[in-house]
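Q: In order, the protein sequence lines correspond to chains R and X. Note that this note's numbering has the first sequence beginning at 6, numbered continuously upward. Note that this note's numbering has the second sequence beginning at 148, numbered continuously upward. My questions all concern the structure below.
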Amino acid sequence: DVKVTQSSRYLVKRTGEKVFLECVQDMDHENMFWYRQDPGLGLRLIYFSYDVKMKEKGDIPEGYSVSREKKERFSLILESASTNQTSMYLCASSYPRAYGYTFGSGTRLTVV
Amino acid sequence: KQEVTQIPAALSVPEGENLVLNCSFTDSAIYNLQWFRQDPGKGLTSLLLIQSSQREQTSGRLNASLDKSSGRSTLYIAASQPGDSATYLCAVINTNAGKSTFGDGTTLTVKP
Numbered sequence: 006d007v008k009v010t011q012s013s014r015y016l017v018k019r020t021g022e023k024v025f026l027e028c029v030q031d032m033d034h035e036n037m038f039w040y041r042q043d044p045g046l047g048l049r050l051i052y053f054s055y056d057v058k059m060k061e062k063g064d065i066p067e068g069y070s071v072s073r074e075k076k077e078r079f080s081l082i083l084e085s086a087s088t089n090q091t092s093m094y095l096c097a098s099s100y101p102r103a104y105g106y107t108f109g110s111g112t113r114l115t116v117v
Numbered sequence: 148k149q150e151v152t153q154i155p156a157a158l159s160v161p162e163g164e165n166l167v168l169n170c171s172f173t174d175s176a177i178y179n180l181q182w183f184r185q186d187p188g189k190g191l192t193s194l195l196l197i198q199s200s201q202r203e204q205t206s207g208r209l210n211a212s213l214d215k216s217s218g219r220s221t222l223y224i225a226a227s228q229p230g231d232s233a234t235y236l237c238a239v240i241n242t243n244a245g246k247s248t249f250g251d252g253t254t255l256t257v258k259p
């Protein structure tokens, strides 16, 4: 069964900490995405990557960075966590263009 | 810029009813459209993917249609069950790179 695996289901971090969220897919997908989901705001794209070492900013990249050193792994980095980054973070992967997305199970991050 | 709208935002029906969820989009130049289900606190599970050249897709009690010219898709759920209670989101892939625009979802409650 194909999978997108997010390393943590729940995380609690302190303000100012550097936070790493990891996502691994086993489908050999070129594209990988990081979204955050907040009540009333829907899914918002943070960053996406269409190839190894390639990345593109989404709609809300401020305060985040990403790393894709290998095709199967896409990491989201919160350089200095803040309380307004408390959210559900969702990773997805896909082939380009006419294929659908596969999502991970999400990471609920709380910054205190 | 693509906009995706799902109406209604919430829907409550008695068990056994057939129902239709709506998704509309403003730019008909799409590659595909995908319907997802999301349970509270979980990731998104893909239900159906319709390629831009297709008119509909079926899986069990679910049927999704696509009318690009009018910018609309519907998800038909037959003989609804309490286990169908969830939030249903639609997403259109509208760029060559494979980026999607998501609707805000319809939260469905099926009462026993």
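Cβ coordinates follow ideal geometry from the N, Cα and C atoms, glycine included. Small disclaimer: the values here were computed from a predicted structure and weren't measured.
Can you tell which of Val117(R), Pro101(R), Arg113(R) has its C-alpha closest to the C-alpha of aspartate 33(R)?
A: Among Val117(R), Pro101(R), Arg113(R), the Cα nearest to that of aspartate 33(R) belongs to Pro101(R).
Q: Excluding five sequence neighbours on each side, which residues of the same chain lie with their C-beta closer than 7 Å to the C-beta of asparagine 241(X)?
A: Around asparagine 241(X): Gln149, Asp174, Ala176, Ile177, Tyr178, Thr248.
Q: Have a look at aspartate 43(R) and cysteine 237(X) and give me their C-alpha separation to the nearest angstrom.
A: Near 17 Å, if we compare the C-alpha coordinates of cysteine 237(X) and aspartate 43(R).
Q: Using a Cβ-Cβ cutoff of less than 8 Å, which residues in the same chain neighbour leucine 48(R) once the five nearest sequence positions on both sides are dropped?
A: So the qualifying residues of the chain are Tyr40, Arg41, Gln42, Leu95.
Q: Please list, in chain order, the chain R residues whose beta carbon lies closer than 7 Å to that of aspartate 251(X).
A: Result: Gly47.
Q: Which partner residues of serine 227(X) appear in the DSSP bridge assignment?
A: For serine 227(X), which the question treats as bridged, DSSP gives no partner whatsoever.
Q: Examine chain X for any beta-carbon lying closer than 7 Å to the beta-carbon of proline 4(R), and answer yes or no.
A: In the structure displayed, chain R extends from 6 to 117; residue 4(R) sits before or after that span and is not available.
Q: With a 10 Å radius around its C-beta and 16 neighbouring C-beta atoms as the bar for buried, classify phenylalanine 38(R) as buried or exposed.
A: Burial call: buried.
Q: Please compile the residues from chain X whose C-beta is within a distance smaller than 7 Å of the C-beta of threonine 107(R).
A: Those within 7 Å of threonine 107(R) in chain X are Ser193.
Q: Quick check on DSSP: helix, strand or coil for asparagine 241(X)?
A: Asparagine 241(X) falls in the coil class under three-state DSSP.
Q: Say whether chain R places a C-beta atom closer than 7 Å to the C-beta of glutamine 181(X).
A: Yes, contact with chain R.
Q: Just to confirm, is the Cβ distance from alanine 211(X) to leucine 222(X) under 7 Å?
A: Yes. Within cutoff.
Q: By alpha-carbon positions, which one of Gly45(R), Lys23(R), Gly63(R) ends up nearest to glutamate 84(R)?
A: If we check each option's Cα against that of glutamate 84(R), Lys23(R) comes out closest.
Q: Which stretch, first to last residue, makes up the beta strand (DSSP E) that contains threonine 112(R)?
A: Start and end: 112-116.
Q: So the beta strand (DSSP E) glutamate 27(R) belongs to, where does it begin and stop?
A: Counting along the chain, the beta strand (DSSP E) containing glutamate 27(R) begins and ends at 24-30.
Q: Cβ closer than 8 Å: which chain X residues qualify as neighbours of leucine 95(R)?
A: Result: Gly190, Leu191.
Q: How many Å lie between cysteine 28(R) and leucine 213(X) at the Cα?
A: Near 32 Å, if we compare the C-alpha coordinates of leucine 213(X) and cysteine 28(R).
Q: Can you confirm whether glycine 245(X), when its beta carbon is compared against all beta carbons of chain R, has any partner nearer than 7 Å?
A: Cβ-Cβ to chain R under 7 Å: yes for glycine 245(X).
Q: Rounded to a whole number of angstroms, what is the C-alpha to C-alpha distance between lysine 75(R) and glycine 45(R)?
A: Approximately 34 Å between the Cα atoms of the pair.
Q: Along the beta strand (DSSP E) that carries serine 80(R), what are the first and last residues, could you check?
A: From DSSP, the beta strand (DSSP E) with serine 80(R) extends over 78-83.
Q: Kindly indicate which residue of Leu168(X), Lys189(X), Ser200(X) has the alpha-carbon position closest to the one of glutamine 11(R).
A: Nearest of Leu168(X), Lys189(X), Ser200(X) to glutamine 11(R), Cα basis: Lys189(X).
Q: Taking only the alpha-carbon atoms, compute the straight-line gap between tyrosine 15(R) and valine 116(R) and give it to the nearest angstrom.
A: Cα-Cα distance, rounded: 11 Å.
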